[in-house]
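K.L.:
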Amino acid sequence: MTSNDPLLQPYQLKHLTLKNRVMSTSHEPAYSEDGMPKQRYRLYHAEKAKGGMALTMTAGSAIVSRDSPAAFGNLHVYDDRIVPWLAELADACHEHDCKVMIQITHLGRRTGWNKADWLPVLSASPVREPAHRAFPKTIEDWDIERIVADYASAAQRCQAAGLDGIEFESYGHLMDGFWSPATNHRDDEFGGSLDNRLRFTNLVLDAVRASVGEKFVVGIRMVADEDFEKGLSKQEGIEIAGRLANSGKVDFLNIIRGSIESDAALTKVIPVAGMRSSPHLDFAGEVRAATKFPTFHAARISDVATARHAIATGKLDMVGMTRAHIADPHIIKKVMEGREHEIRPCVGATYCLDRIYEGGEALCVHNAATGREAEIPHIIVKTEGPKQKIVVIGAGAGGLEVARVAAERGHKVTVLEASSQAGGQIRLATQNPRRKELIGIIDWRLAELARLGVEIRYDTWAEKDDVLALSPDVVVVATGGLPQNPPLTAGDNLVTSSWDIMAGSVKPAENVLLYDDNGGHQGMGAAELIANAGSKLELVSPERFFAPEMGGMNHVPYMRAFQEKGVTITINTRLRSVRREGNQLVAELASDFADGWRGERRVDQVVVEHGTLPLDDLYLSLKPLSKNVGAVDYERLVSGGDIFPKRNPEGGFVLFRIGDAVASRNIHAAIYDGIRFGLRI
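At position 428 of the sequence shown (counting the first as 1) the number is 428 in full-length UniProt numbering, and the numbers step up by one without a gap.
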């Protein structure tokens, strides 16, 4: 059956027929093992292929040379061993008629010298990149010769693996380091005029074409406007795009706008929650109009309506929905089946990228199956065992997730929620207007539970007898936690919790000290609200840098607010005690580094953030009545088998708790608990 949906129209790229207009652009999820795309990497991309995508781009910059050491799990495309691994990945995606390409690069200055083989990093000129902090050497003639050859041999490996094409990475890396006046200060044949600044690129293109031939698809993901005073201008960027389009050496342009040399700059290229959606779509459309050449683009195009608009209006030929597919790899399948309303939304949390840039691996804040495809399915199937009566206490993220999974498996689920609405701490977080999109985590699950016929009983403070009256087979305690104070020698009764500020139950005073030794969004969100209320605020943390539980991209909007509002930030300092003097509070500060050091601040209000303590009274009252006495076999939880040991023959039900009802953690942890336990009921 044919469709008139612009997104579902095929696109002819050279000899390739792309079955629709949606792609996942290159990104590095850091799932590699020894620089190779093994099972985890393959399953991640294969899932998107199963979900109906036309083109998946692997690798956020597979590295072509040894002196381009991996900055965040990059694939080693300079190594012959990668060919069979790439071939397995390509075959897995081709089974679903999904084309596969790879992005290759030399990172240039965007890495560190003290990684891998400890070789010096290099760039067109010795201009340091703030984000990775290395001081690059000026690239020499012999470097250029060997790196050009490395590009050519890397492209041959990709072709030998059966990939459908490659693209060069040319924003923030070595290649465009020659383009930009900010990073190219050379006075030789590689500097000065635009012809000279493009010389390295043309050497690479010629060498690659000579190695892979004219039929193999070769594209470039390029910055066409660095959008800062010293950088590559829009005029020159579009000129470069035009020259590349007319060169006959590339087959598509994948357009980027902005600079990525710092966290603050990066968020303009890849916006986070509270920032504009699709901010560079119109610009990419300008490039397409100017070049009349196949144009791809991705930058927070997170919903189907925007993606459809991008194609329908001719702004793009292929639209990248990259983070959106981390949240839901089956977007296109759902569109094709008339189930757009079931698409799990990307909420802009950028937990995925923050984890990568902090040395972790990409995980979606509310899809725990992404990156865990070997253990957790994206599509939940019915249980082959008996259908059971499940009672879930708590309608926060974890409780709603375990209810969703259990209901998908065919169990009868009832949710008891003490509040008049679902959401728990997520609803609290959304009191910061900049993070209001997080409510999508809750709204999507509520819609799914409605579809599955799950009953949610609100305004129900469940006691033991309430639960027992439902004759459950399984009881899940997802009651979350309540805020706790940091350890103080005195003044517990004088401090205000970050929750009180976020909920609006306590207004910020005129002069506030906020002490945060948790280091996540909770304290930072309260601090932002306090600062925006016009209060004088000092943020105190015992850490070497503040908010260590939050990555660099989410750090940016907080820091912007703090600097604009004149917030004082004090690190390496603990709150020891609080006392009242007159109508003010005196906060006594101490140091982990100098035993006798003391400091004082006289303020109107002391706000504290120290995570939560589990709300576990109900769990403890039900524990002796349960079959497993609350116990979970963690080894079997991870490796397989029955996870609930039979400790009490007289018990009437299985009991377990998840999320912050166990210990203070984060949204992803609660949702991960919800799905992995829900699958084992």
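Backbone N, C-alpha and C define an ideal beta-carbon position, used for all residues, glycine too.
Values in this document were obtained by computation on a predicted structure and should not be read as measured data.
1. How far does the beta strand (DSSP E) with Gly480 in it reach, from first residue to last?
2. Relative to the C-alpha of Lys137, which residue among Val121, Ala149, Ala152 and Asp150 is closest?
3. For Ala327, which residues from the same chain have a beta carbon less than 6 Å from its beta carbon, with the 5 sequence-adjacent residues on both sides left out?
4. For His366, which of helix, strand or coil comes out of DSSP?
5. Do you know whose CA, among Gln563, Ala152 and Gly552, lies nearest Glu538's CA?
6. Suppose the cutoff is 6 Å on Cβ atoms and the five residues either side in sequence are ignored; what does the same chain contact list for Pro6 look like?
7. Check whether the stretch 494 to 503 and the stretch 440 to 457 touch, using three or more Cβ-Cβ pairs below 8 Å as the test.
8. Between which two residues does the beta strand (DSSP E) holding Arg576 run?
9. Is the Cβ-Cβ distance between Leu470 and Val413 less than 8 Å?
10. Report the option in Arg576, Gly231, Asn485 and Ile255 whose CA atom is closest to the CA atom of Ile220.
11. Can you tell me which of Ser247, Arg680 and Leu438 puts its alpha carbon nearest to the alpha carbon of His411?
12. Between which two residues does the beta strand (DSSP E) carrying Arg598 extend?
13. With distances taken between CB atoms, is the gap from Ala90 to Ala160 smaller than 8 Å?
14. Quick one: what does DSSP say Gly453 is sitting in, helix, strand or coil?
15. Using CA coordinates, which residue listed in Ala264, Arg288 and Ser277 is at the minimum distance from Leu244?
16. When DSSP labels each residue in this structure, what does Ser170 get in the three-state scheme?
17. Given 8 Å as the limit, is there contact between the stretch 546 to 556 and the stretch 256 to 275, that is, 3 or more CB pairs closer than that?
18. Hey, could you find the ends of the alpha helix (DSSP H) Arg636 is sitting in?
19. Alpha carbon to alpha carbon, how far is Glu528 from Leu488? Give it in angstroms, no decimals.
20. For Lys268, collect the residues of the same chain with a Cβ closer than 6 Å to its Cβ; drop the 5 residues on either side in sequence, then sort them by chain order.
21. Just to confirm, are Pro542 and Thr568 a CB contact at a threshold of 8 Å?
22. Should Asp616 and Ala669 be called a contact, given that it needs their Cβ atoms to be closer than 8 Å?
23. From the DSSP secondary-structure annotation, give me the bridge partner or partners of Arg409.
24. Give a yes or no on contact between the stretch 91 to 104 and the stretch 140 to 148, applying the rule of three or more CB pairs nearer than 8 Å.
25. I'd like the ranges of any beta strand (DSSP E) spanning at least 3 consecutive residues and lying wholly in the stretch 314 to 387.
26. Is the CB-CB distance between Gly177 and Ser211 below 8 Å?
27. Quick one, which of Glu189, Val250, Leu194 and Gly112 has its alpha-carbon nearest Phe216's?
28. When the Cα atoms are used, what is the spatial distance from Thr56 to Asn20?
29. Taking Cβ to Cβ, would you say Gly552 is nearer than 8 Å to Tyr351?
30. What separation, rounded to the nearest whole angstrom, lies between the Cα atoms of Asn419 and Gly651?
31. If we count the other Cβ atoms within 10 Å of its Cβ and call it buried at 16 or more, is residue 719 buried or exposed?
32. Looking at Ala70 and Lys115, is the spacing between their C-beta atoms short of 8 Å?
33. Could you pull out every residue in the same chain whose Cβ sits closer than 6 Å to the Cβ of Thr383, ignoring the five residues on either side in sequence?
34. Between Gly51 and Val402, is the Cβ-Cβ spacing less than 8 Å?
35. Rounded to whole angstroms, what is the Cα-Cα separation between Ile426 and Asn432?
36. Please classify Arg300 as buried or exposed, where buried requires at least 16 other C-beta atoms within 10 Å of its C-beta.
P.N.:
With the given structure in hand:
1. On the sequence shown, residue 480 is found 480 positions in, with the first residue counted as 1. Segment: none, Gly480 is in no beta strand (DSSP E) and carries neither H nor E.
2. Residue 137 sits at position 137 when you count from the first residue of the sequence shown. The shortest CA-to-CA distance from Lys137 to any of Val121, Ala149, Ala152 and Asp150 is the one to Val121.
3. Here residue 327 refers to the residue found at position 327 of the sequence shown. Once the five neighbours on either side are set aside, the close Cβ partners of Ala327 are Arg344, Cys346, Cys364 and Asn367.
4. Looking up residue 366 in the sequence shown gives position 366. When DSSP states are grouped into helix, strand and coil, His366 belongs to the coil group.
5. The residue labelled residue 538 in the question sits at position 538 within the sequence shown. The shortest C-alpha separation from Glu538 is found at Gln563.
6. In the sequence shown, residue 6 corresponds to position 6, counting from 1. Excluding positions up to five away in sequence, the list reads Arg308, Ile311 and Ala312.
7. Proximity of the stretch 494 to 503 to the stretch 440 to 457 falls short of the contact definition, fewer than three beta-carbon pairs being nearer than 8 Å.
8. Translated into the one-based positions of the sequence shown, residue 576 becomes position 576. Start and end: Arg574 to Glu581.
9. If you number the sequence shown from 1, residue 470 lands on position 470. If you number the sequence shown from 1, residue 413 lands on position 413. Taking a C-beta distance under 8 Å as the contact criterion, Leu470 and Val413 do not qualify as a contact pair.
10. Reading the sequence shown from its first residue, position 220 is the one you call residue 220. The shortest C-alpha separation from Ile220 is found at Ile255.
11. Your numbering for residue 411 matches position 411 in the sequence shown. Across the set Ser247, Arg680 and Leu438, the C-alpha of Arg680 shows the shortest separation from the C-alpha of His411.
12. Reading the sequence shown from its first residue, position 598 is the one you call residue 598. Arg598 to Val603 is the extent of the beta strand (DSSP E) around Arg598.
13. As a working mapping, residue 90 is identified with position 90 in the sequence shown. As a working mapping, residue 160 is identified with position 160 in the sequence shown. For Ala90 and Ala160, no; Cβs fall outside 8 Å.
14. Position 453 of the sequence shown, counted from the first residue, corresponds to residue 453. It is coil, neither helix nor strand.
15. Locating residue 244 in the sequence shown gives position 244, counting from the first residue. Sorting Ala264, Arg288 and Ser277 by C-alpha distance to the C-alpha of Leu244 places Arg288 at the top.
16. Here the question's residue 170 lines up with position 170 in the sequence shown. Three-state result, Ser170: strand.
17. Touching, per the Cβ criterion.
18. Numbered from its first residue, the sequence shown carries residue 636 at position 636. Tyr634 to Ser639 is the extent of the alpha helix (DSSP H) around Arg636.
19. The residue given as residue 488 occupies position 488 in the sequence shown. The residue given as residue 528 occupies position 528 in the sequence shown. For Leu488 and Glu528, the distance between alpha carbons rounds to 24 Å.
20. Against the sequence shown, residue 268 aligns to sequence position 268. Within the same chain, Lys268 has close Cβ partners Gly258.
21. Residue 542 sits at position 542 when you count from the first residue of the sequence shown. Residue 568 sits at position 568 when you count from the first residue of the sequence shown. One thing to note: Pro542 has its Cβ no nearer than 8 Å to the Cβ of Thr568.
22. For this step, residue 616 is matched to residue 616 along the sequence shown. For this step, residue 669 is matched to residue 669 along the sequence shown. The answer is no: Cβ separation not under 8 Å.
23. On the sequence shown, residue 409 is found 409 positions in, with the first residue counted as 1. Under DSSP, no beta-bridge partner is assigned to Arg409.
24. They do not touch, by the three-pair rule.
25. As far as the stretch 314 to 387 is concerned, its whole beta strand (DSSP E) runs of at least 3 residues are 318 to 320.
26. Taking the sequence shown and counting its residues from 1, one reaches residue 177 at position 177. Taking the sequence shown and counting its residues from 1, one reaches residue 211 at position 211. No, these two residues do not count as a Cβ contact at 8 Å.
27. Residue 216 sits at position 216 when you count from the first residue of the sequence shown. If we check each option's Cα against that of Phe216, Val250 comes out closest.
28. Mapped onto the sequence shown, residue 56 falls at position 56. Mapped onto the sequence shown, residue 20 falls at position 20. Computed Cα separation, rounded: 12 Å.
29. Stepping through the sequence shown from its first residue, residue 552 is reached at position 552. Stepping through the sequence shown from its first residue, residue 351 is reached at position 351. No, the pair does not count as a contact, with Cβ atoms beyond the cut-off.
30. Position 419 of the sequence shown, counted from the start, is the residue given in the question as residue 419. Position 651 of the sequence shown, counted from the start, is the residue given in the question as residue 651. It should be noted that the sequence gives Ser, not Asn, for residue 419. Cα to Cα, the separation comes out at about 29 Å.
31. This structure leaves residue 719 out entirely; the chain is present only between 1 and 681.
32. Stepping through the sequence shown from its first residue, residue 115 is reached at position 115. Stepping through the sequence shown from its first residue, residue 70 is reached at position 70. At a Cβ-Cβ threshold of 8 Å, Lys115 and Ala70 count as neighbours.
33. Taking the first residue of the sequence shown as 1, we reach residue 383 at position 383. Once the five neighbours on either side are set aside, the close Cβ partners of Thr383 are Arg409 and Gly410.
34. Locating residue 51 in the sequence shown gives position 51, where the first residue counts as 1. Locating residue 402 in the sequence shown gives position 402, where the first residue counts as 1. In this structure, Gly51 keeps its C-beta atom at 8 Å or more from the C-beta atom of Val402.
35. Here residue 426 refers to the residue found at position 426 of the sequence shown. Here residue 432 refers to the residue found at position 432 of the sequence shown. If you take the alpha carbons of Ile426 and Asn432, they lie about 11 Å apart.
36. Working through the sequence shown from its first residue, we reach residue 300 at position 300. Buried.
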